[in-house]
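Letter 197 of the sequence shown, counting from 1, is numbered 197 in my numbering, and no numbers are missing. Backbone N, C-alpha and C fix where the C-beta goes; we use that ideal spot for every residue, glycine too.
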Amino acid sequence: MKRSLKMLLLLIIISSLLVGCGSNGANSSGANTPADANSGNEKLKIGLSIDTLTNEFNTKLLDAINAYYDSQNLKDTVELIIVDSNKDTVKQNAQVDNLITQQVDAIILIAGDGDQLVPAVEASVNAGIPLIEFVAGTSATETRTSFVGSDDFVAGTMLAEQLFELKGGKGKVVELQGPSGHICMLRRNDGMMDTLKKYPDIEIVATKVCNWSREESMKAMENIIQSKMEFDIVYAQNDEMAMGALNALKGSGIDLSQIAIGGIDAIDDCLEAVANGEVYGTVYLNSVALGQKVMEVAIQAAKGESIEPLYDVPYEFITKENVHEYMK
Numbered sequence: 001m002k003r004s005l006k007m008l009l010l011l012i013i014i015s016s017l018l019v020g021c022g023s024n025g026a027n028s029s030g031a032n033t034p035a036d037a038n039s040g041n042e043k044l045k046i047g048l049s050i051d052t053l054t055n056e057f058n059t060k061l062l063d064a065i066n067a068y069y070d071s072q073n074l075k076d077t078v079e080l081i082i083v084d085s086n087k088d089t090v091k092q093n094a095q096v097d098n099l100i101t102q103q104v105d106a107i108i109l110i111a112g113d114g115d116q117l118v119p120a121v122e123a124s125v126n127a128g129i130p131l132i133e134f135v136a137g138t139s140a141t142e143t144r145t146s147f148v149g150s151d152d153f154v155a156g157t158m159l160a161e162q163l164f165e166l167k168g169g170k171g172k173v174v175e176l177q178g179p180s181g182h183i184c185m186l187r188r189n190d191g192m193m194d195t196l197k198k199y200p201d202i203e204i205v206a207t208k209v210c211n212w213s214r215e216e217s218m219k220a221m222e223n224i225i226q227s228k229m230e231f232d233i234v235y236a237q238n239d240e241m242a243m244g245a246l247n248a249l250k251g252s253g254i255d256l257s258q259i260a261i262g263g264i265d266a267i268d269d270c271l272e273a274v275a276n277g278e279v280y281g282t283v284y285l286n287s288v289a290l291g292q293k294v295m296e297v298a299i300q301a302a303k304g305e306s307i308e309p310l311y312d313v314p315y316e317f318i319t320k321e322n323v324h325e326y327m328k
């Protein structure tokens, strides 16, 4: 009898332990809460899609992003996946698709073309992944999650006004443009053309697509010089092209004091040319501030926090008078 009673008590104890284990297991396998989903040490994954690293300004942006990443010691909490499409929009769309497949938490996009990268924006947002257009956006302004950068129309206006005023409102302009269809090219050109309405004695004598390239702009300017075309203003949509034009002018022996050259981006060797009086000025877009801001916004978006649709970083104009404030 005593033996039977002991066996009964043992069975009761075992049953109660099993019930306890079952109860704990049911709680852990229930529906996940947001806190559950974000718990643990899993890193946030942020994709950065860059159209090209062949121009200095984009490399400065990447340097700024990496500097912020290091200064904030993000390596343990954020994985940054960087892809470069090397000016190939088909490749850039595919790279964004691959980032989506990797289930990144947010995507930063420097678009190679305002229209051709719309599918990348739509694919990301449709997959529930926030997409932040950075500096060079697309025409999908109603689809993107946010934009970090500046209005290129303002840059175009600022550069045009500075050059046109320098020449007293009279002159012949050679415009060196970025890639056809690129949103920055279009907006900067729009800014110049809008400014042109106020200067009836300013004439555009040549417009050349040079694809942000120093080499292409140098060749274009050499051809213009050889054609004996008269001009006294070089409106370059970026500093790489301004430097290419400068090299062509110096090689031809033209008196640089008679030519007003201006660019956009404030890259290092253009700043030196401004300091030397060879280039009149450049529109400055703060790459350090941009890199910091886009990372802050991307991390907020990756965490599911609310972000603004637009973050504007203002331009400044640099001439010989203030260039040393911006030089390293």
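key: Neighbourhood of residue 26 by C-beta distance below 6 Å, restricted to the same chain and skipping five residues each side   = By 1-based counting over the sequence shown, the position of residue 26 is 26. Here residue 26 scores only 31 on pLDDT, less than 50, and its place in the model is too uncertain to base an answer on.
request  = At 4 residues or longer, and completely inside the stretch 44-87: list those alpha helix (DSSP H) runs for me, N to C.
outcome  = Counting only runs of 4 or more, we get 56-71.
ask   = Thinking C-alpha only, which one of 193, 136 and 152 is nearest residue 329?
value = No answer is possible for residue 329: it lies beyond the span of the chain, which begins at 1 and ends at 328.
task = In the DSSP assignment, find the alpha helix (DSSP H) that holds residue 162 and state where it starts and stops.
result = By 1-based counting over the sequence shown, the position of residue 162 is 162. It spans 152-166 - the alpha helix (DSSP H) in which residue 162 sits, taken as one unbroken run.
ask   = Got a sec, what are the start and stop residues for the beta strand (DSSP E) residue 260 sits in?
value = As a working mapping, residue 260 is identified with position 260 in the sequence shown. It spans 260-264 - the beta strand (DSSP E) in which residue 260 sits, taken as one unbroken run.
inquiry  = Please classify residue 89 as buried or exposed, where buried requires at least 16 neighbouring CB atoms within 10 angstroms.
reply    = Against the sequence shown, residue 89 aligns to sequence position 89. Classification for residue 89: buried.
message = I'd like the span of the beta strand (DSSP E) that includes residue 177, first residue to last.
response = Position 177 of the sequence shown, counting from 1, holds the residue named residue 177. Note, residue 177: beta strand (DSSP E), 171-177.
inquiry  = Just verifying my parser: in three-state terms, what is the DSSP assignment at residue 206?
reply    = What you label residue 206 is simply residue 206 of the sequence shown in a count that begins at 1. In the three-state reduction of the DSSP assignment, residue 206 falls in the strand class.
DSSP state of residue 282 mapped onto helix, strand, coil = As a first step, residue 282 is located in the sequence shown; it is residue number 282 there, counting from the start. Residue 282 falls in the strand class under three-state DSSP.
ask   = Taking the alpha-carbon positions, what's the residue 111 to residue 246 distance?
value = As a working mapping, residue 111 is identified with position 111 in the sequence shown. As a working mapping, residue 246 is identified with position 246 in the sequence shown. Whole-angstrom Cα-Cα distance: 28 Å.
ask   = Excluding the five sequence neighbours on either side, which residues of its own chain have a C-beta within less than 6 Å of the C-beta of residue 147, listed in chain order?
value = Counting from one through the sequence shown, the residue named residue 147 turns up at place 147. Taking C-beta separations shorter than 6 Å and ignoring five residues to either side along the sequence, the partners of residue 147 in its chain run 133, 137 and 310, following chain order.
Where residue 316 falls: helix, strand or coil (DSSP) = Counting from 1 along the sequence shown, the entry for residue 316 is found at position 316. Three-state DSSP puts residue 316 in a strand.
task = Mind reading off the beta-carbon distance from residue 303 to residue 44? Whole number of angstroms is fine, and I expect it under 8 Å.
result = In the sequence shown, the residue the question calls residue 303 occupies position 303. In the sequence shown, the residue the question calls residue 44 occupies position 44. Your pair residue 303 and residue 44 checks out as a contact, with CB atoms roughly 7 Å apart and the cut at 8 Å.
ask   = Can you list, in chain order, the residues of its chain whose CB lies under 7 Å from that of residue 104, leaving out five sequence neighbours each side?
value = Reading the sequence shown from its first residue, position 104 is the one you call residue 104. Cβ within range, chain order: 45, 46, 47, 81 and 129.
key: residue 205 versus 212, 168, 225 and 172, residue with shortest Cα-Cα distance   = The residue labelled residue 205 in the question sits at position 205 within the sequence shown. The residue with the shortest Cα to Cα distance from residue 205 is 172.
key: Cut-off 6 Å between Cβ atoms - residues of its own chain near residue 244, not counting five sequence neighbours on either side   = In the sequence shown, residue 244 corresponds to position 244, counting from 1. Hits under 6 Å: 214, 217 and 218.
DSSP state of residue 104 mapped onto helix, strand, coil = In the sequence shown, the residue the question calls residue 104 occupies position 104. Under the three-state reduction of DSSP output, residue 104 falls in the coil class, being neither helix nor strand.
ask   = Taking residue 71 as the reference, which of 328, 319, 316 and 295 has the closest Cα?
value = Sequence index remark: in the sequence shown, residue 71 carries index 71 (1-based). Among 328, 319, 316 and 295, the Cα nearest to that of residue 71 is on 295.
ask   = So what does residue 149 bridge to, in DSSP terms?
value = What you label residue 149 is simply residue 149 of the sequence shown in a count that begins at 1. Answer is 312.
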